[in-house]
Each structure stands twice: as C-alpha cells, then as structure tokens.
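Undergrad:
In our numbering, the protein residues as written are 35 to 186.
Right under this line is the structure:
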C-alpha cells in the first residue's frame, strides 16, 4: 500500500512539494505512483527506507531556513529540478512540514521556469499550493534569486 506524504501537491507536471515522507508507504507513493526520480530534502532528518528505492536520486540539502546568504544553494537546488525536467524526470521537494522551506524553493523554481520576478512567482505559488508560506526573509530570497536571473 502506498499513499502521498502530507501536503502533497504538484506545482507543474514535473515538480511537487510535500511534507516529510516519514513512512515507507510515502516513498513508495512518490516513486511508484507520482514517478518522482529526484527527492530533495531540505530538513536535517533524512527519510528512512530511502535505500529501498534505488531509482530515487536523493539530494540532501539540510537548511534551517533560507537567508540572502543562501542564493547559491537556492540556485543549486533549482538547477537540480530544471535539469531533471529537461530529461522529462520529476522532482519532489520537502522540508519537515512542506510549507516554508519547500515553498521558498518552489517559488524560486517558478520564477526560473516562468521567467517572472519573485513577487509574481510567490503569488503564482500561492494559487497553486495554498500550504506554502513564503513571506518575510523567504520572499526576499525568492526576489533576489529571480533578480539574479534578470527577472525583476
């Protein structure tokens, strides 16, 4: 049996966000139902049973919260998603609750994909995924990331 992790939702056909996949059944859902091949972990805890899914590429980037000093990390993570999408592969990103850190990365991804400024990307994410919370410092990180791409 498999079922989605809490707060699972797609923001594009290739990228999903969700809360920590705590159970083996969550990972089974991600791999065998959602067909995600790249799992991006933003919290310190790593999902158990990940070794049971050899087709799943695990990208471990533990961060307590994003700041302006993390723009290179944001770029690195979004590049993983963009590269996977270019190969028609799917990515899933999560933190503990699937709301703040996950939302920051998803908004940055949307800025890149849709070639929009950070404010627009954050608004787009809000319409696609109500569980995401991107405000304050996190919104500033998305704005600076989009600006670094030339979208301001």
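Think of the CB as a built atom: it goes at the ideal place given N, C-alpha and C, for glycine as much as any other residue. In this text the structure is predicted, and so the values were computed from the model without any measurement.
Going by C-alpha to C-alpha distance, which of 153, 96, 90, 78 sits closest to residue 63?
TA: 90
Undergrad: Just reading off the alpha helix (DSSP H) that residue 50 is part of, what are its end residues?
TA: Not the alpha helix (DSSP H): residue 50 falls in the beta strand (DSSP E), residues 49-52.
Undergrad: For residue 186, which residues in the same chain have their Cβ closer than 6 Å to its Cβ, ignoring the five residues on either side in sequence?
TA: 151
Undergrad: Taking residue 146 as the reference, which of 169, 61, 126, 115 has the closest Cα?
TA: 115
Undergrad: Measuring CB to CB, does residue 171 end up less than 8 Å from residue 101?
TA: The answer is yes: Cβ separation under 8 Å.
Undergrad: Alpha carbon to alpha carbon, what distance is there between residue 132 and residue 57?
TA: 15 Å
Undergrad: If we ignore side chains and look at the alpha-carbon of each, how far apart do residue 155 and residue 59 end up?
TA: 32 Å
Undergrad: Cα-Cα, which of 48, 184, 73 is closest to residue 87?
TA: 73
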